[in-house]
Amino acid sequence: MFPLENAETKQGLRRIAIDPVTRVEGHGKVTLLLDDDNHVHQARLHIVEFRGFEAFIEGRPYWEVPVTVQRLCGICPVSHQLAAVKAMDLIAGYERLTPTAEKLRRLMHYGQILQSHAVHFFHLASPDLLLGFDSEPTKRNILGVAAQFPDIAKQGIFLRKYGQEVIRHVSGKRIHGVGAIPGGVSKALTDVERDELRRDVDTMIQWARDAVRLVARIHTTHPEFYDSFGEFRASMMSLVGPDGALELYDGALRARDADGGLIFDGAPCASYNEFLQEEVKSWTYMKFPHIRALGAEAGWYRVGPLARVQTCDFIATPLAEAERKNFLAAGGGKPRHGTLLYHWARMIEALHAAETIRDLLDDVEIVGTDLIGEKGERREEAVGVIEAPRGTLIHHYRVGADDLVKYCNLIVSTTNNNQAMNEAVRSVARSFIDGNEVTEGLLNHIEVAIRAYDPCLSCATHAIGQMPLQVDLVDSSGALVSRRAKNFSAA
Amino acid sequence: MRLVVFGWGNEARGDDALGPLLLARIAAAQWPDSALIEDFQLQLEHVLDLQGAELALFLDAGRATPAPFAFSEIFPRKNLTHTSHALAPESVLAVYEQTLGGNPPPAFLLCMRGENFDLGAGLSDDGAARLEQAWAFLQRLEAGRSAENWRRHATKI
Numbered sequence: 001m002f003p004l005e006n007a008e009t010k011q012g013l014r015r016i017a018i019d020p021v022t023r024v025e026g027h028g029k030v031t032l033l034l035d036d037d038n039h040v041h042q043a044r045l046h047i048v049e050f051r052g053f054e055a056f057i058e059g060r061p062y063w064e065v066p067v068t069v070q071r072l073c074g075i076c077p078v079s080h081q082l083a084a085v086k087a088m089d090l091i092a093g094y095e096r097l098t099p100t101a102e103k104l105r106r107l108m109h110y111g112q113i114l115q116s117h118a119v120h121f122f123h124l125a126s127p128d129l130l131l132g133f134d135s136e137p138t139k140r141n142i143l144g145v146a147a148q149f150p151d152i153a154k155q156g157i158f159l160r161k162y163g164q165e166v167i168r169h170v171s172g173k174r175i176h177g178v179g180a181i182p183g184g185v186s187k188a189l190t191d192v193e194r195d196e197l198r199r200d201v202d203t204m205i206q207w208a209r210d211a212v213r214l215v216a217r218i219h220t221t222h223p224e225f226y227d228s229f230g231e232f233r234a235s236m237m238s239l240v241g242p243d244g245a246l247e248l249y250d251g252a253l254r255a256r257d258a259d260g261g262l263i264f265d266g267a268p269c270a271s272y273n274e275f276l277q278e279e280v281k282s283w284t285y286m287k288f289p290h291i292r293a294l295g296a297e298a299g300w301y302r303v304g305p306l307a308r309v310q311t312c313d314f315i316a317t318p319l320a321e322a323e324r325k326n327f328l329a330a331g332g333g334k335p336r337h338g339t340l341l342y343h344w345a346r347m348i349e350a351l352h353a354a355e356t357i358r359d360l361l362d363d364v365e366i367v368g369t370d371l372i373g374e375k376g377e378r379r380e381e382a383v384g385v386i387e388a389p390r391g392t393l394i395h396h397y398r399v400g401a402d403d404l405v406k407y408c409n410l411i412v413s414t415t416n417n418n419q420a421m422n423e424a425v426r427s428v429a430r431s432f433i434d435g436n437e438v439t440e441g442l443l444n445h446i447e448v449a450i451r452a453y454d455p456c457l458s459c460a461t462h463a464i465g466q467m468p469l470q471v472d473l474v475d476s477s478g479a480l481v482s483r484r485a486k487n488f489s490a491a
Numbered sequence: 001m002r003l004v005v006f007g008w009g010n011e012a013r014g015d016d017a018l019g020p021l022l023l024a025r026i027a028a029a030q031w032p033d034s035a036l037i038e039d040f041q042l043q044l045e046h047v048l049d050l051q052g053a054e055l056a057l058f059l060d061a062g063r064a065t066p067a068p069f070a071f072s073e074i075f076p077r078k079n080l081t082h083t084s085h086a087l088a089p090e091s092v093l094a095v096y097e098q099t100l101g102g103n104p105p106p107a108f109l110l111c112m113r114g115e116n117f118d119l120g121a122g123l124s125d126d127g128a129a130r131l132e133q134a135w136a137f138l139q140r141l142e143a144g145r146s147a148e149n150w151r152r153h154a155t156k157i
């Protein structure tokens with residue numbers, strides 16, 4: 001059992017619920033159990049919506065799945081598409097892609113990483129980092145940032161737009177593009193499209209580099225605070241390349257412990273369930289994966305940018321690698337575990353993505369027309385793993401002789417980070433809530449920690465009026481003492 | 001008059017598809033001088049799609065919207081909270097104002113009442129009926145495409 005996961009007794013404790021967490025998509029809820037002196041006895045991040053994604057996929061023709069899974073998530077459709085299609089390549093009998101097809105998929109993926117990291121940092125994190133965790137809540141958003149830092153806000157918009165344009169050129173459409181299909185890709189990149197993307201890529205690299213420096217500068221203003229906010233020791237897992245490089249599209253799984261020592265390395269993606277195990281708990285719908293060899297108590301881990309820049313040995317693009325070294329040096333050469341460091345690592349990856357996009361656009365094979373690989377023997381089962389913007393994303397399928405999917409298991413990035421997010425909430429609750437009068441600013445500290453992970457708690461539904469923030473303060477008899485609510489829109 | 005139309009939602013989530021489906025009607029009818037933008041969510045970069053437009057129309061589905069639909073003029077609003085992954089149309093207008101400078105084009109929101117937003121659900125019967133009603137309404141709007149005329153059609157909520 002983890003500290004603060006379960007209160008020893010619930011008698012005499014009052015309950016604070018943040019439901020759902022603002023600026024976090026989907027139905028998540030944080031509950032804190034406090035005694036009369038505001039000491040925290042329990043802190044949990046609940047996922048209260050049951051997703052049923054696997055059931056949505058099972059029974060569909062395998063070749064349709066890479067398109068269908070895009071609709072699981074309106075934020076990471078490309079990541080789901082690529083994880084699914086990597087599995088379906090093998091199901092369909094394509095062991096190897098053509099060089100052009102693999103490079104086009106990588107281009108699309110790095111476009112996705114760039115746009116997602118840009119919107120995460122500029123839209124989601126910068127209001128807290130630039131305006132302050134306790135700043136006026138009605139101004140603590142991207143509009144507040146735009147008012148005070150218009151150039152930064154504008155760069156965020158254009159970085160996001162550029163990443164989207166990369167995806168559009170590769171897949172053919174802004175959304176519902178086909179792009180990757182089992183065996184390769186469906187569309188070549190034209191010279192005109194390549195040149196159009198090339199025109200702005202150096203500016204994007206510069207802006208991404210500026211963003212890394214911005215986060216680093218923010219940290220140097222108050223390093224003890226930023227290092228320790230939501231800090232907890234954790235193992236880390238990600239894909240790495242065969243040479244140990246940061247690898248976001250394809251590779252083998254590597255896990256390090258909190259001190260940086262290897263737990264496993266070179267683990268084939270197809271064998272993920274020999275290394276990982278999933279556990280369920282009664283108080284949340286989301287599974288808790290952990291490293292099988294270490295067990296549930298010790299085997300949980302974090303994924304995503306903070307893990308990736310530390311599980312790898314190096315980054316293959318020079319500007320991002322220089323920034324990674326700066327990041328590690330600021331931690332004295334030891335693994336860094338502060339929750340807010342996710343943003344720093346995220347911008348290093350955004351810089352790497354922009355550099356990689358440039359390198360791919362400069363590669364003559366990117367405008368090749370050999371798009372489909374050579375077909376071999378079909379398989380019944382396959383696993384596709386990719387590093388999505390928020391972390392390792394696993395798609396596992398079994399397909400029957402009738403071409404229909406008969407088994408589907410998805411471990412999305414947010415699920416991989418489930419325990420880590422709960423630990424972040426508990427760390428912040430211990431440091432900031434415990435013993436203090438609970439204010440909106442303090443509650444926002446909890447949200448700041450969750451936002452560092454930017455969990456996708458649900459995907460791609462957004463109906464107006466559906467995203468209120470409600471905080472209920474209930475006394476020990478269960479009576480509502482006070483309620484505060486914010487609404488997404490009045491429509 | 002250059003028009004930009006945004007239809008957003010997820011076709012795999014029941015009535016969340018109403019915005020994109022209505023947008024598809026416009027595409028099939030080939031409205032002249034119109035840019036049609038479909039997406040899962042409204043996001044920051046959509047301010048760039050507003051550039052150069054003289055009139056903007058946002059098409060969406062809402063759970064709390066009066067049935068069959070509400071049609072209203074919308075304005076930049078700076079004090080909205082938002083999710084991590086989406087902006088309200090009013091926020092898109094405000095981001096336009098604050099990052100690109102100047103006033104965004106006159107903008108209107110047509111929001112259809114939806115009933116079921118579950119993953120894998122189809123359009124509800126009510127949703128399908130409201131789509132037809134909204135399409136009939138939109139064709140009347142298009143017959144007199146101007147902000148002034150559209151204001152006369154705005155729903156009193």
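Protein sequences, first through last, are from chains A and B.
Just so we're aligned, residue 1 is where the first sequence starts under full-length UniProt numbering, counting upward by one.
Just so we're aligned, residue 1 is where the second sequence starts under full-length UniProt numbering, counting upward by one.
Glycine included, every Cβ here is placed at the ideal spot set by N, Cα and C.
Computed from a predicted model, the values in this text were never measured in an experiment.
**Study point:** Neighbour list for F56 of chain A in chain B, Cβ cutoff strictly below 8 Å
**Key:** A12, L119 and G120
Practice item. Excluding the 5 residues preceding and the 5 following G435 of chain A in the sequence, name in chain order all residues of the same chain whose CB lies nearer than 8 Å to its CB. Key: D37, N38 and H39
Check your understanding: Closer than 7 Å, CB to CB, is K161 of chain A near chain B or not?
Key -> yes
Practice item. Using the Cα positions of H153 of chain B and R145 of chain B, report the straight-line distance between them to the nearest angstrom. Key: 11 Å
Review point. Quick one: Cα of residue 165 of chain B to Cα of V5 of chain B, how far?
Key: The question about residue 165 of chain B has no answer, for chain B in this structure spans 1 to 157.
Check your understanding: Can you list, in chain order, the residues of its chain whose CB lies under 7 Å from that of G19 of chain B, leaving out five sequence neighbours each side?
Key -> G7, W8, G9, L59, D60 and A61
Practice item. Report whether the distance from the Cβ of W63 of chain A to the nearest heavy atom of the ligand MG is below 6 Å. Key: The model on display carries no ligand, and the ligand MG is accordingly not part of it.
Exercise for review: Please go through the same chain and pick out, in chain order, the residues whose beta-carbon is closer than 7 Å to the beta-carbon of L100 of chain B, but skip the five residues on each side of it.
Suggested key: V47 and Q51
Exercise for review: Return the Cβ separation of L4 of chain A and A429 of chain A in integer angstroms, given the expectation that the two are a contact with Cβ distance under 8 Å.
Suggested key: 7 Å
Check your understanding: What three-state label does DSSP hand N444 of chain A in the structure shown?
Key -> helix
Check your understanding: Using DSSP with H/G/I as helix, E/B as strand and the rest coil, what is V30 of chain A?
Key -> strand
Check your understanding: Interface residues of chain A around F45 of chain B at Cβ under 7 Å?
Key -> For the sequence presented, residue 45 of chain B should be read as Glu rather than Phe. Going along chain A in sequence order, the residues near E45 of chain B (Cβ under 7 Å) are I157, R160, K161 and Q164.
Point to revise | Outcome for N416 of chain A when other beta-carbon atoms lying within 10 angstroms are tallied against a minimum of 16 | key: buried
Point to revise | Nearest-angstrom beta carbon gap, K375 of chain A and G177 of chain A [assumed within contact, 8 Å] | key: Their Cβ separation, rounded to whole angstroms, is 23 Å, which puts G177 of chain A and K375 of chain A out of contact at 8 Å.
**Study point:** Element boundaries [beta strand (DSSP E), containing R254 of chain A]
**Key:** A252 to R256
Practice item. Counting only the same chain and skipping the five closest in sequence on each side, list residues whose C-beta sits under 6 Å from that of G299 of chain A. Key: H290 and I291
Point to revise | Closer than 7 Å to chain A by CB, S84 of chain B | key: Here S84 of chain B scores only 47 on pLDDT, less than 50, and its place in the model should not be relied on; the value that follows carries that caveat. With 7 Å as the cut-off, S84 of chain B counts as an interface residue toward chain A.
Check your understanding: When DSSP builds the beta bridges, which residues end up paired with Q42 of chain A?
Key -> A:L33
Exercise for review: Just the chain A side, please: which residues come within less than 7 Å of T155 of chain B by C-beta, in chain order?
Suggested key: Ordered by position in chain A, no residue passes the 7 Å Cβ test against T155 of chain B, which lies about 11 Å from the chain.
**Study point:** Beta carbon of G172 of chain A nearer than 7 Å to that of K187 of chain A
**Key:** yes
Exercise for review: Could you check which residue in A:K86, A:D195, A:A330 and A:T98 has the C-alpha nearest to that of P223 of chain A?
Suggested key: A:A330
Check your understanding: Around the C-beta of A125 of chain A, are 16 or more other C-beta atoms found within 10 angstroms, so that it is buried, or is it exposed?
Key -> buried
Check your understanding: Terminal residues of the continuous alpha helix (DSSP H) containing S171 of chain A?
Key -> P150 to S171
Practice item. Tell me whether Q206 of chain A sits in a helix, a strand or coil according to DSSP, three-state version. Key: helix
Check your understanding: Any Cβ of chain B within less than 7 Å of the Cβ of A449 of chain A?
Key -> no
Point to revise | Any C-beta of chain A under 7 Å from that of L48 of chain B | key: yes
**Study point:** Cutoff 7 Å: Q133 of chain B Cβ touching any chain A Cβ
**Key:** no
Exercise for review: List the residues of chain A that Q51 of chain B touches, going by C-beta distances under 9 Å, in chain order.
Suggested key: What Q51 of chain B touches in chain A: nothing, since even the nearest Cβ is about 11 Å away.
Point to revise | Cα-Cα separation between S431 of chain A and M1 of chain B, rounded to whole angstroms | key: 57 Å
Point to revise | Residue from B:R25, B:A29 and B:L44 with nearest C-alpha to A153 of chain A | key: B:L44
Exercise for review: Measure how close the beta-carbons of M237 of chain A and A307 of chain A come, nearest whole angstrom, since I'm counting them as under 8 Å.
Suggested key: 6 Å
Review point. Any Cβ of chain B within less than 7 Å of the Cβ of A147 of chain A?
Key: yes
Check your understanding: Applying the criterion that 16 or more other CB atoms from any shown protein chain within 10 Å of the CB defines a buried residue, is N444 of chain A buried or exposed?
Key -> buried
Check your understanding: Do A245 of chain A and F314 of chain A come within 7 Å of each other at the CB atom, strictly closer than that value?
Key -> yes
Point to revise | Close-in-space but distant-in-sequence residues of the same chain around D370 of chain A (CB under 7 Å, 5 per side omitted) | key: T98 and T100
Practice item. Check Y301 of chain A in the structure and name its three-state DSSP category. Key: strand
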